[in-house]
Amino acid sequence: MKQAIISLVLVITAATFINAQTTANLKIGFVDSEIILTQYSEAIKAQGDLDAITNKWSSQIDSMTLAYQKSLDDYQKQVNTMPDDKKTAAQQSLIQMEQNILDFRRQKFQQPNGEIFKKQEEIFAPVKAKIYAAIEKVAKDEGMQFIFDKSGDIILLYADSAFDITFKVLDKLKRGN
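Taking numbering that gives the first Met the number 0, the leading residue of the sequence shown gets 0, the next gets one more, and so forth.
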């Protein structure tokens, strides 16, 4: 992402020095992707689908944790009266339960390879494609050469609201391009 930003800055800088007339006509716009993602119905649905998966997996972790806690409580109540072989077996079982919880949590939620991140990419890929297509269409219709995302990694220190095409993109998405 940083290389893309640096490349874009270099292109703009080169264009400035190469042809002042061309850069006088340079038109730059921006969108606020946070607004688009919170108001575009397909993005809202995708986020709901992702939240449902997250909640399901979190509930599974909660259930596993409760079962572990119950087994631990039972073990602690009976540890003094247990024969050594049963004590060892109970300890091994507790260790295994704890490891299963950690493994499940890692498998589902650990960055960057957790299943939730793969699901997020899978669920949001079609939504992103539609958003990018709408951005490109609005930018071409408005004669803009560059569009920045105001809410992303690129920081705008100043932006004339006349160039904000966020709601035009949102309108384009809602009308189905």
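We put the CB at the ideal spot given by N, CA and C, even for glycine.
Keeping to the same chain, check which residues put their C-beta closer than 8 Å to that of residue i; ignore five residues upstream and five downstream.
{"i": "residue 31", "result": "148, 149, 150, 163, 165"}
Could you give the distance in angstroms between the alpha-carbon of residue i and the alpha-carbon of residue j?
{"i": "residue 26", "j": "residue 113", "result": "40 Å"}
{"i": "residue 91", "j": "residue 76", "result": "17 Å"}
{"i": "residue 54", "j": "residue 70", "result": "24 Å"}
{"i": "residue 28", "j": "residue 67", "result": "54 Å"}
{"i": "residue 175", "j": "residue 39", "result": "11 Å"}
{"i": "residue 120", "j": "residue 142", "result": "31 Å"}
{"i": "residue 172", "j": "residue 103", "result": "38 Å"}
{"i": "residue 135", "j": "residue 129", "result": "10 Å"}
Does the Cβ of residue i lie closer than 6 Å to at least one heavy atom of the ligand NAP?
{"i": "residue 45", "result": "Among the components of this structure there are no ligands whatsoever, and the ligand NAP is therefore not found."}
Is DSSP giving residue i helix, strand or coil here?
{"i": "residue 100", "result": "helix"}
{"i": "residue 152", "result": "coil"}
{"i": "residue 163", "result": "strand"}
{"i": "residue 63", "result": "helix"}
{"i": "residue 109", "result": "coil"}
Grab me the residues of residue i's own chain with a C-beta within less than 6 Å of its C-beta, minus the 5 sequence neighbours each way, in chain order.
{"i": "residue 48", "result": "122"}
{"i": "residue 10", "result": "A caution first: residue 10 carries a pLDDT of 42, below 50, which makes its placement in the model too unreliable to give a value."}
{"i": "residue 58", "result": "none"}
Per the DSSP calculation, residue i is bridged to which residue(s)?
{"i": "residue 168", "result": "Paired residue(s): none; residue 168 is not in a bridge."}
{"i": "residue 28", "result": "146"}
Hey, residue i and residue j are a contact pair by Cβ (cut 8 Å); roughly how many whole angstroms apart?
{"i": "residue 60", "j": "residue 168", "result": "With 8 Å as the limit, residue 60 and residue 168 do not qualify as a contact, their Cβ atoms being about 38 Å apart."}
{"i": "residue 74", "j": "residue 101", "result": "Going by Cβ atoms, the distance from residue 74 to residue 101 rounds to 19 Å, so no, they are not a contact pair."}
{"i": "residue 137", "j": "residue 41", "result": "With 8 Å as the limit, residue 137 and residue 41 do not qualify as a contact, their Cβ atoms being about 17 Å apart."}
{"i": "residue 52", "j": "residue 146", "result": "The pair is not a contact, with the Cβ atoms about 31 Å apart (cut-off 8 Å)."}
Please go through the same chain and pick out, in chain order, the residues whose beta-carbon is closer than 7 Å to the beta-carbon of residue i, but skip the five residues on each side of it.
{"i": "residue 44", "result": "none"}
Residue i CB to nearest chain D CB: under 7 Å?
{"i": "residue 138", "result": "Within the model displayed, chain D is absent; a lone protein chain is all it includes."}
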